[in-house]
Ligand code: FES
């Protein structure tokens with residue numbers, strides 16, 4: 231009787247089982263991971279979530295007079311917060327506060343005080359100016375400073391902006407100035423004449439996405 | 016009945032294995048227990064609160080102040096239900112107990128961790144439990160933060176906004192991660208149900224699982240023995256068994272602890288939702304996180320603004336200050352057991368003064384976090400006139416390096432002093448002993 235040694239198979243059973251199990255676990259794991267995508271709901275751009283756009287009227291944001299159109303006389307060197315108000319698909323008025331980043335800051339300075347880099351073309355007579363009120367650092371709503379008069383200050387991490395000079399950053403962590411919104415006067419009312427001049431928070435470092443949003447808005451409107 | 020159960024469940028084996036575990040008797044060994052009691056109180060009060068809380072951010076009419084029929088006073092349902100909880104008998108008390116216990120749980124676990132660190136209890140073979148403990152600390156903080164959001168008042172809303180934007184600041188994937196984590200662009204329609212799910216299902220589940228692992232490992236590996244055990248019975252486990260000697264001690268401690276919490280809650284109000292009001296865009300002055308996250312907040316406050324592009328991803332100061340730096344800090348804490356190379360299993364808790372470098376580094380680290388926490392008060396420091404807007408960052412950055420370094424050397428000096436005293440004592444004793452021999 232000859233004793234013969236069995237040839238080793240190309241792979242051992244142990245190895246085969248390990249590889250098979252590993253593959254199954256990997257494929258299964260990845261497929262389960264894909265369900266995480268369900269956590270991220272689809273975004274629908276409704277009228278109340280659109281950024282301020284041409285033709286919008288600026289209305290008070292303060293709770294007691296929310297929705298009332300702002301007149302030039304309401305404004306001063308103290309900050310006044312405003313929402314843009316536009317129309318929805320049916321032509322009804324809609325305050326665009328579905329996106330809280332749409333909140334605006336309005337100022338009115340005596341002639342000559344507003345200087346570059348403020349875009350004076352986009353102000354009313356070089357007196358009334360509108361900015362995004364959302365800090366470019368982490369998105370808090372910016373107020374008047376109680377420490378440095380005439381400056382704006384963010385309550386979250388003390389970012390500071392100068393509203394007379396295009397809201398440039400004068401202190402703290404914000405990376406960019408507040409975005410300026412072009413406005414004009416129409417009788418008593420303040421009317422938006424176009425999109426923000428620079429990408430507002432949270433698009434301030436992502437020009438491409440801001441342009442995408444603008445395109446989406448334009449498509450939705452036509 | 017014991018026998019009846021034993022015949023079916025073999026209780027006596029459980030008894031031998033777990034219930035007779037010896038507990039060292041020393042006051043510093045009760046901190047972990049306090050953390051555990053807190054978790055239990057949190058779960059109990061949390062269940063009661065969940066029974067009356069409405070996890071939804073859709074708008075409902077405020078039943079306390081309905082407004083008029085053409086201008087109804089609408090507030091988020093979650094906020095409304097919080098108001099209702101406050102108005103219910105003992106409702107506000109329940110919220111306070113829950114809140115205070117959460118704070119104390121984090122505090123107790125931090126002090127517990129200090130005990131582990133300074134006595135070297137993290138060393139081999141207990142590294143795994145140090146890491147699990149770190150995870151427990153992190154998840155406890157996350158649970159607390161999600162709990163902050165649930166009342167959905169103006170404070171919670173603004174906090175959530177900051178958290179969202181921190182998540183969104185991660186390069187490449189941030190926007191997606193933030194939207195997936197918080198149910199869409201801020202504030203998503205489903206954000207409160209989402210955070211509620213985290214706070215009452217996901218995170219407590221993780222916490223409980225980790226706690227179970229933490230304790231099983233502790234029972235398996237046994238506590239480090241306090242020094243006195245060495246003198247009593249060398250290399251023997253000294254302590255009182257869980258059943259029955261330790262149990263009354265624990266019970267007393269638990270009751271005393273619960274009593275203190277209730278006392279706290281009775282006199283110190285927390286998070287006045289009525290005062291903050293429903294979410295608005297009007298910011299809250301000097302909004303701050305809880306004390307254990309203040310250091311992250313401080314880093315954010317003193318880090319200069321910048322951003323640059325790196326391989327298509329946007330790296331900004333917010334990401335560096337709120338994610339990168341804290342991750343490094345926590346990483347350092349995770350690495351603690353790896354800095355120790357001894358191969359021996361640690362048996363006795365070490366005297367901190369015998370390890371001056373470790374002691375000094377630990378104190379320096381705590382001072383660093385303390386300096387950053389103070390930096391969280393930058394606006395107050397400025398308005399109080401202690402710092403000015405111009406010099407605040409510089410001063411705080413210098414302190415960031417100087418204070419930990421100084422405290423390191425200070426600790427070394429103190430340790431040297433203590434050792435000199437001890438040696439003098441030693442010498443005295445030998446001299447006296449020698450005299451006695453004469
Ligand atoms: S969010 Fe404004 S300074 Fe940080």
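Protein chains in written order, with the working numbering: chain A, 231 to 452; chain B, 16 to 453. No residue lacks a Cβ here, since even glycine has one placed at the ideal position from N, Cα and C. It should be emphasised that the depicted structure is a prediction, and the values quoted were computed from it without experimental measurement.
Are at least three pairs of beta-carbons, each pair with one atom in the region 395 to 414 of chain A and one in the region 351 to 362 of chain A, less than 8 Å apart?
Short answer: they touch.
Check distances from the C-beta atoms of the region 264 to 280 of chain A to those of chain B and list, in chain order, the residues that come in under 7 Å.
266, 269, 270, 271 and 273
Assign residue 312 of chain A to one of three DSSP states: helix, strand, or coil.
strand
Taking CB distances under 8 Å as the criterion, tell me whether residue 91 of chain B reaches chain A.
no
Terminal residues of the continuous beta strand (DSSP E) containing residue 379 of chain A?
Looking at the DSSP string, residue 379 of chain A is not in any beta strand (DSSP E), and its letter there is neither H nor E.
Output yes or no for whether 8 Å exceeds the beta carbon distance between residue 308 of chain B and residue 156 of chain B.
Contact flag set, yes.
Just the Cα atoms here: how many angstroms apart are residue 292 of chain B and residue 168 of chain B?
6 Å
Any heavy atom of the ligand FES closer than 7 Å to the Cβ of residue 389 of chain A?
Judged by the Cβ position, residue 389 of chain A qualifies as a neighbour of the ligand FES at the 7 Å threshold, a heavy atom of the ligand being closer than this.
Residue ranges of each beta strand (DSSP E) within the region 285 to 341 of chain B, 3 or longer
322 to 325 and 328 to 331
Does any heavy atom of the ligand FAD sit closer than 7 Å to the C-beta of residue 330 of chain A?
Although the ligand FAD was asked about, the structure shown includes only the ligand FES as ligands.
Tell me whether residue 362 of chain A sits in a helix, a strand or coil according to DSSP, three-state version.
Correct three-state label for residue 362 of chain A: strand.
Listed from N- to C-terminal order along the chain, which residues in the region 362 to 379 of chain A have their beta-carbon within a distance smaller than 8 Å of any beta-carbon of chain B?
363, 367, 368, 369, 370, 371, 372, 373, 376, 377 and 378
Using only the heavy atoms of the ligand FES, determine whether one of them is closer than 7 Å to the beta carbon of residue 113 of chain B.
For the ligand FES, not one heavy atom lies less than 7 Å from the Cβ of residue 113 of chain B.
Taking DSSP as the reference, what is the three-state secondary structure of residue 37 of chain B?
strand
With 8 Å set as the bound, which would you pick, yes or no: does the beta-carbon of residue 306 of chain A sit closer than that to a beta-carbon of chain B?
Chain B, which has no Cβ nearer than 8 Å to the Cβ of residue 306 of chain A, makes this no.
Given the structure, does residue 352 of chain A come close to the ligand FES, in the sense that its CB is under 7 Å from one of the ligand's heavy atoms?
Result no, Cβ not under 7 Å from the ligand FES.
Which ranges does the alpha helix (DSSP H) cover as unbroken runs of at least 4 residues, wholly within the region 164 to 214 of chain B, from first to last along the chain?
169 to 183, 189 to 196 and 206 to 212
Comparing C-alpha positions only, which one of A:268, A:253, A:372 and A:289 sits nearest to residue 324 of chain A?
A:289
I'd like the ranges of any beta strand (DSSP E) spanning at least 3 consecutive residues and lying wholly in the region 20 to 93 of chain B.
74 to 76 and 89 to 91
Any heavy atom of the ligand FES closer than 7 Å to the beta-carbon of residue 224 of chain A?
Outside the shown range of chain A (231 to 452) lies residue 224 of chain A, about which nothing can therefore be said.
Below 8 Å on C-beta distance, what does residue 191 of chain B contact in chain A?
270, listed in chain order.
What is the rounded straight-line gap between the Cα of residue 430 of chain A and the Cα of residue 210 of chain B?
27 Å
Helix, strand or coil: which one does DSSP assign to residue 401 of chain A?
strand
Any C-beta of chain A under 8 Å from that of residue 414 of chain B:
no
Locate the alpha helix (DSSP H) running through residue 396 of chain B, then write down its first and last residues.
393 to 398
Residue-chain proximity (residue 282 of chain A, chain B), Cβ-Cβ < 8 Å
Not a single CB atom of chain B sits nearer than 8 Å to the CB of residue 282 of chain A.
If the cut is a Cβ gap below 7 Å, which residues of chain B does residue 401 of chain A touch?
Correct list: 404.
Quick one: does the C-beta of residue 403 of chain A sit closer than 7 Å to a heavy atom of the ligand FES?
At least one heavy atom of the ligand FES lies less than 7 Å from the C-beta of residue 403 of chain A.
Using alpha carbons as the reference points, say which of B:371, B:417 and B:316 lies closest to residue 132 of chain B.
B:371 is the residue among B:371, B:417 and B:316 whose C-alpha sits nearest the C-alpha of residue 132 of chain B.
Among B:408, B:438, B:400 and B:441, whose alpha-carbon lies nearest the alpha-carbon of residue 376 of chain A?
B:400
What does the alpha-carbon distance come out to for the pair residue 180 of chain B and residue 54 of chain B?
30 Å
Got a sec? Which residues, its chain only, sit under 7 Å from residue 46 of chain B by beta carbon, not counting five neighbours each side?
123, 126, 127 and 130
Would a check of beta-carbon distances place residue 210 of chain B closer than 8 Å to chain A?
no
What are the residues that DSSP puts in a beta bridge with residue 335 of chain A?
A:311 and A:361
Can you find the residues in the same chain that come closer than 7 Å, C-beta to C-beta, to residue 407 of chain A, ignoring five residues on each side of it along the sequence?
391, 396, 397, 398 and 399
Quick one: give me the first and last residue of the beta strand (DSSP E) that residue 415 of chain A is part of.
Element bounds for residue 415 of chain A: 413 to 416.
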